[in-house]
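Step one of this worksheet: look at the structure below.
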Amino acid sequence: MVTTPYIINEIYDIIQKSTAFELTLEALLALGVIWIVLYKRNGRKRLTPEQREKLIEEWTPEPLVGDVPEDHPALHTHLVQGRVGKVINIDGKQCLNLASHNYLGLVEDDHIQQEAIKSLRKYGVGSCGPRGFYG
Numbered sequence: 556m557v558t559t560p561y562i563i564n565e566i567y568d569i570i571q572k573s574t575a576f577e578l579t580l581e582a583l584l585a586l587g588v589i590w591i592v593l594y595k596r597n598g599r600k601r602l603t604p605e606q607r608e609k610l611i612e613e614w615t616p617e618p619l620v621g622d623v624p625e626d627h628p629a630l631h632t633h634l635v636q637g638r639v640g641k642v643i644n645i646d647g648k649q650c651l652n653l654a655s656h657n658y659l660g661l662v663e664d665d666h667i668q669q670e671a672i673k674s675l676r677k678y679g680v681g682s683c684g685p686r687g688f689y690g
């Protein structure tokens, strides 16, 4: 068990080995924390009910969303045509689909598509597992 005189001796040794800069910084930090905890605003004014009502009457809310200009890009949507694959047709132009998980272009292969349909009909699909396992 640590006794009180031992703790006081430890604190004294730590203070002796510290530099003046460290002691000054720690003292300022301690004073700052004490000031923040104990400081109270005495100059704060309470509004009278009449003043509060006047402020509420004068208040006009701003719109949450401003006016959208006619040439804003979100107003001019693009038309995507065809199946989703590694190459898609956007507004009549052939584009490489970088947002697809079809890295190998397997969606375009009819044999793979037919096998996928057969396996779906045989095994089914579920939210998170095989049909036979979850019932």
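To get the working numbering, take the position in the sequence shown, counting from 1, and add 555.
Idealized CB from N, CA, C, for every residue including glycine.
- The beta carbons of residue 639 and residue 655 sit closer together than 8 Å.
- Residue 644 carries a strand assignment under DSSP once its states are collapsed to helix, strand and coil.
- Rounded to the nearest whole angstrom, the C-alpha separation of residue 574 and residue 581 is 11 Å.
- For residue 570, the CB contacts under 8 Å within the same chain, skipping 5 residues up- and downstream, are 578 in chain order.
- Just measuring C-alpha positions, the residue of 583, 642, 612 and 566 sitting nearest residue 651 is 642.
- For residue 647 and residue 624, the gap between their C-alpha atoms comes out near 26 Å.
- Our two residues, residue 599 and residue 565, have alpha carbons roughly 45 Å apart in a direct line.
- Between residue 667 and residue 675, the C-beta gap is not smaller than 8 Å, which leaves the two residues out of contact.
- Following the DSSP letters along the chain, one finds residue 588 inside the alpha helix (DSSP H) bounded by residues 575-593.
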